[in-house]
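Novice: Supplied in structure tokens, the structure appears directly below.
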Amino acid sequence: GNSVTQMEGPVTLSEEAFLTINCTYTATGYPSLFWYVQYPGEGLQLLLKATKADDKGSNKGFEATYRKETTSFHLEKGSVQVSDSAVYFCAFAMDSNYQLIWGAGTKLIIKP
Amino acid sequence: DAGVIQSPRHEVTEMGQEVTLRCKPISGHDYLFWYRQTMMRGLELLIYFNNNVPIDDSGMPEDRFSAKMPNASFSTLKIQPSEPRDSAVYFCASSANGNYEQFFGPGTRLTVL
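Laid out in structure tokens, this is it:
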């Protein structure tokens, strides 16, 4: 069935370190892919998205590339800040179905 | 735009009481989703509506849970009777037809004693 597998957290990094959070998906067809971020005490908000193979989504210094051959959508950032501490969710949606399939979330902790 | 509005933000109640959570989606959005988030189970989709009609309620945990959407600008999630294991953060989200992006409200933190 459809599913998303994310790197298990928490991920703890020092400020200015390079970040990668892995995400792979299992889906029939070609879904649209998303990364959402949840800051403490808040709801989820869209961070970036990609709708077709080889598309790169980017926002706030974060990037992720839609890799159809490896069914992956890994999140990266070159230099993290303390303010990036949050929980990151990978998700996808299939055509004609507006329900999102969610990963378990990865908690990111950035230490000064 | 005010975004998705949820009320109350916090609710503390005793086991056996009825709890009603409220949501106002973004104006013009056709889809409304109710989620539950806990440490143990993560983010779970409970039910979603399209044009005020429930499409999939397979995530509703049991008959104690019910959801309604009487019009395009209001939805409720009711738990009756509530139990301690219902303690969680409940989120409402909405999206527009043709756009998969979901906009989340701030959530309601429910504590059942």
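Residue numbers (the working numbering), protein chains in the order written: chain F, 108 to 219; chain L, 4 to 116.
All C-beta atoms, glycine included, are put in the ideal place defined by N, C-alpha and C.
Would you verify that the beta carbon of G45 (chain L) is, or is not, closer than 8 Å to some beta carbon of chain F?
Specialist: Residue mapping note: residue 45 (chain L) aligns to position 42 of the second sequence, counting from 1. By this cut-off, G45 (chain L) is an interface position.
Novice: Taking C-beta pairs closer than 8 Å, name the residues in chain L that G150 (chain F) reaches, listed in chain order.
Specialist: As a working mapping, residue 150 (chain F) is identified with position 43 in the first sequence. In chain order: V7, F94, A96, F107, G108, P109 and G110.
Novice: I want to know whether the segment 132-148 of chain F touches the segment 21-28 of chain L - three or more CB-CB distances under 8 Å.
Specialist: no
Novice: Short check: CB of V97 (chain L) to CB of H32 (chain L), under 8 Å?
Specialist: Counted from its first residue, the second sequence places residue 97 (chain L) at position 94. Counted from its first residue, the second sequence places residue 32 (chain L) at position 29. The sequence given here has Ser at residue 97 (chain L), not Val. In contact: S97 (chain L) and H32 (chain L) (Cβ atoms closer than 8 Å).
Novice: For D59 (chain L), go through chain F and note every residue whose CB falls closer than 8 Å to its CB, in chain order.
Specialist: Along the second sequence, one-based indexing puts residue 59 (chain L) at 56. In chain order: Q206.
Novice: Got a sec? Which residues, its chain only, sit under 7 Å from I208 (chain F) by beta carbon, not counting five neighbours each side?
Specialist: Counting from one through the first sequence, the residue named residue 208 (chain F) turns up at place 101. The residues are N109, S110, V111, A198 and F199.
Novice: Check the Cβ-Cβ distances between L48 (chain L) and every residue of chain F, and say whether any is below 8 Å.
Specialist: Position 45 of the second sequence, counted from the first residue, corresponds to residue 48 (chain L). By this cut-off, L48 (chain L) is an interface position.
Novice: Taking Cβ positions only, does F196 (chain F) come closer than 8 Å to chain L?
Specialist: Counting from 1 along the first sequence, the entry for residue 196 (chain F) is found at position 89. At least one chain L Cβ lies under 8 Å of F196 (chain F).
Novice: Starting from the C-beta of L48 (chain L), find all residues in its chain whose C-beta is less than 6 Å away, skip the five residues before and the five after it, and write them out in chain order.
Specialist: Locating residue 48 (chain L) in the second sequence gives position 45, where the first residue counts as 1. The answer, listed in chain order, is Y38 and G62.
Novice: When the Cα atoms are used, what is the spatial distance from T131 (chain F) to S190 (chain F)?
Specialist: Translated into the one-based positions of the first sequence, residue 131 (chain F) becomes position 24. Translated into the one-based positions of the first sequence, residue 190 (chain F) becomes position 83. Approximately 26 Å, taken between the alpha carbons.
Novice: Starting from V144 (chain F), follow the beta strand (DSSP E) in both directions and report where the run begins and ends.
Specialist: Position 37 of the first sequence, counting from 1, holds the residue named residue 144 (chain F). It spans S139 to Q145 - the beta strand (DSSP E) in which V144 (chain F) sits, taken as one unbroken run.
Novice: Report all residues from its chain with a CB closer than 8 Å to the CB of T16 (chain L); omit the five preceding and five following residues, and keep chain order.
Specialist: On the second sequence, position 13 is the one that residue 16 (chain L) refers to. Answer for T16 (chain L): V22, S85, L113, T114, V115 and L116, listed in chain order.
Novice: Within the present structure, is the beta-carbon of F196 (chain F) separated from the nearest heavy atom of the ligand FAD by less than 7 Å?
Specialist: With respect to the ligand FAD, the structure shown offers nothing to examine, as it has no ligands at all.
Novice: Flag L154 (chain F) as yes if its beta-carbon sits less than 8 Å from any beta-carbon of chain L, otherwise no.
Specialist: For the purposes of this step, residue 154 (chain F) is taken as the residue at position 47 of the first sequence. No, L154 (chain F) lies away from the interface with chain L (no Cβ there is under 8 Å from its Cβ).
Novice: Using the DSSP secondary-structure output, state which residues sit across from I128 (chain F) in a beta bridge.
Specialist: Taking the first residue of the first sequence as position 1, residue 128 (chain F) is located at position 21. DSSP, once it has assigned bridges, lists F:L182 as partnering I128 (chain F).
Novice: So, L215 (chain F) versus S186 (chain F), is the Cβ gap smaller than 8 Å?
Specialist: Against the first sequence, residue 215 (chain F) aligns to sequence position 108. Against the first sequence, residue 186 (chain F) aligns to sequence position 79. Contact: no.
Novice: Rounded C-beta distance between Q9 (chain L) and G101 (chain L)? I'm assuming under 8 Å.
Specialist: In the second sequence, residue 9 (chain L) corresponds to position 6, counting from 1. In the second sequence, residue 101 (chain L) corresponds to position 98, counting from 1. Actually they are not in contact, since the Cβ atoms of Q9 (chain L) and G101 (chain L) sit about 24 Å apart, beyond 8 Å.
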